[in-house]
Structures are given as structure tokens and as C-alpha cells.
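For the sequence shown, the positions run 1 to 301 when UniProt numbering is used. First comes the structure, then the notes that go with it.
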Amino acid sequence: MNKRKRQITTSARELFIEKGFVDTSINDIISAAKISKGTFYNHFASKNECLIAILDQGREEASNRRHELLYGKDPADLEVLTQQVAVLMYVNREHNLIQIFESISHSHDKELKKIILNYYLQELEWLANRFVQVFGEEISTLSYECAVQALGMINLSLRAVLISDSQYISRETIVRIALRNIKAIIPVMLESKEIIINVEMINAIQNVVNYQSINKEMIVEQLQGFTKELSKDETVEGLEYTEFLLEELQREKPKLFIIESLLTPFRKAFVGTEHAAEARDIANNLWRYVKIERPSERCKR
């Protein structure tokens, strides 16, 4: 996402939080971002499309942190999964996405409902895949059912905590208890073989969820454009990481373990700079690329 597009989404997010999504007009966004109407439509076809970009930024941030939490750890470690699940809750709070969700929760706009549905289904699919990694292939037919129940427990528990203003209960604690309960009921589910989310429903969910395709050529092009924007004086360390990643990717057979080891320091080298958002986007794409190229560890998002 280029700087102008991020400028628009930043202004739009602030307005969606302040005025609510429905009561914010495209003219409001144009005025706040100090751009022309033509510039807005060069980047977004509609206000809804702008909302999708804002939600994608939040998921992008969460995805990066989740990959970093898992890197070098045992994928079957339930505590790692606990931290990963809690990440999205923290990102939603940091980006004030909760207020945006609330402002559109009662909308009758079908397109808007589809956007929110897709957002939640992506989380459902990610968690279902992680459950298989944690509990084994034997629960693959139960994984979506487990994910639905876990997210239901987490979301309702969090809402109860917020209503009661019990700030001393951390999000990790809520997630940890929910995952502990799921672990306890899995044997019962396996024995009874009674499930609500069947194969046909899983296929329907997977067909709804939209993921942008990614390949090496796309990331190389993104890194090349990113390099041109960097000043050699302002971020020497970041420039070195960028050039090294670009060089490794352009090899016939890139060494995936080298790329993985550089992604966290690469992202952190740009924290606090004007390039932070783009670096985060590149890191997220590279995490996804590594997963695609290493099928044995593949887990969507």
C-alpha cells in the first residue's frame, strides 16, 4: 500500500471512530485527508472498499505478530497458540477497530455484512488450522467446530469482563481458559462423532474467505519499489536488511530459514519511521511466502 493510500485509510479510520462508519461520507474523508475526489477514487472504488483496507491493515499487523510468536517454537505448544489468539484482540484495541465494528454491527447493507463476515471467517479458518497443528490430524474433521466454540467462549467472556469492568482479567487468561476447555472436550467430540460444522459447511466457509495470492515475483517487485523510497542516511540497518532479503529472494532457490530469521529484525528496523507500515506489509507477505514454499508447515494466515 503506497503512502497516499495509507494517508486516506488513516484519515478514514479516525472519522469512522469519531462519527461512525455510516455517518462518515466520502467527502468527509477527502476533506480530512486533504486530497481531491479523483485521488480517493484512484485508490478506492467506494467507502466500503476503504473499510476493507483498514480491516486488512489490522489483520496484517496481527498476522505478523503471530508469525513472530511462532517462529522457532513448537507449533503444538498450547501457550504459543494462546498468545497468538490474544494478539488480534490487542491489535483490534490498538487500531480502535472495536469501535468501527460496533458502528456497523446493525447495518442492513449486504455488502457491508459480507465484509464483516469475511473478516470473522478468516479468523475462524486460521484458528481451525492451528488447532490441527496443536492437537493433531485426528481432529481435522472437528477443527472448525472447535474453532467456533473457542471463539464463542472467548468473545462472550471478553464482553462479560468489559461489562463488569474487571480490568484485572487479561485477554491471555480468557483465551487460555477457553483453549483449556476445548482441549478437555475434544476426546468427547471424537468419541461421539456428533458435530455441527460438517465437511460441506467447511467447504462453504473456505469458498467465502478471500485471500490475496502471493508469489516470489510479487514480493521482489514490492521490495525493489520499497528500496527506492529509502534514504541511506535515515535507516542504514533497514536498508541492509531490505537489500539482503531482495538478494536472497532473487536466487533460484532462496534459503527459507535465512528469510525467516530476518523478518522480525527487518520489520523492527522501520518501527517509528514513515516506512513502518510498508515494512510490516512486506514482512507479512514474506511469512506467507515461506509457508507456501514449505508445505509441511502450511497453515493459512
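For every residue, glycine included, the Cβ atom is placed at its ideal position computed from N, Cα and C.
Distance between K228 and A86, taken at the CA atoms: about 36 angstroms. Separation of I35 and H95 (C-alpha to C-alpha, rounded to the nearest whole angstrom) is 23 angstroms. Bounds of the alpha helix (DSSP H) holding K291 are 276-293. By the beta-carbon neighbour count (other beta carbons within 10 angstroms, threshold 16), L190 is exposed.
Contact holds between the region 219-227 and the region 276-293, because three or more Cβ pairs, one in each stretch, are under 8 angstroms apart.
Membership of A178 in the alpha helix (DSSP H) is indicated by the continuous run 171-192. Straight-line measurement puts the Cα of I182 at about 8 angstroms from the Cα of Q149. Under the criterion of beta carbons closer than 8 angstroms, V208 and L117 qualify as touching, at roughly 7 angstroms. Between the C-alpha atoms of T10 and R267 there is a straight-line separation of about 20 angstroms.
The beta-carbon separation of I100 and I17, rounded to 6 angstroms, stays under the 8 angstroms limit for a contact.
Residue range 3-19 is occupied by the alpha helix (DSSP H) that includes A12. Of L256, P265, I98, R251, the smallest CA-CA separation from Y241 is found for P265. A184 sits exposed, since fewer than 16 C-beta atoms from the chains shown fall within 10 Å of its C-beta. Apart from sequence neighbours up to five positions away, the residues of its chain that approach A62 with a beta-carbon distance below 6 angstroms are V87, L88, V91, ordered along the chain. Straight-line spacing of the CA atoms in E237 and A269 works out to 7 angstroms. Straight-line spacing of the CA atoms in A147 and S46 works out to 32 angstroms. Within a 10 Å sphere around the beta-carbon of L97 sit 16 or more other beta-carbons, which makes this residue buried. Shown here, A76 sits in coil according to DSSP, grouped into three states, outside any helix or strand. Between the region 191-205 and the region 107-115, the count of Cβ pairs shorter than 8 angstroms is below three; the stretches do not touch. Between the alpha carbons of S107 and S231 lies a distance of about 45 angstroms. Take the alpha-carbon of N155 and the one of I186: they are about 20 angstroms apart. Rounded to whole angstroms, the separation of the alpha carbons of R288 and E200 is 27 angstroms. Residue burial is scored here from C-beta neighbours: E125 has at least 16 other C-beta atoms within 10 angstroms and is therefore classed as buried. One Cα belongs to Y144, the other to K110, and the distance between them is close to 25 angstroms. Rounded to whole angstroms, the separation of the alpha carbons of V22 and I29 is 12 angstroms. Distance from I52 to A12 at the Cβ level is roughly 11 angstroms; contact not present, criterion being Cβ atoms closer than 8 angstroms.
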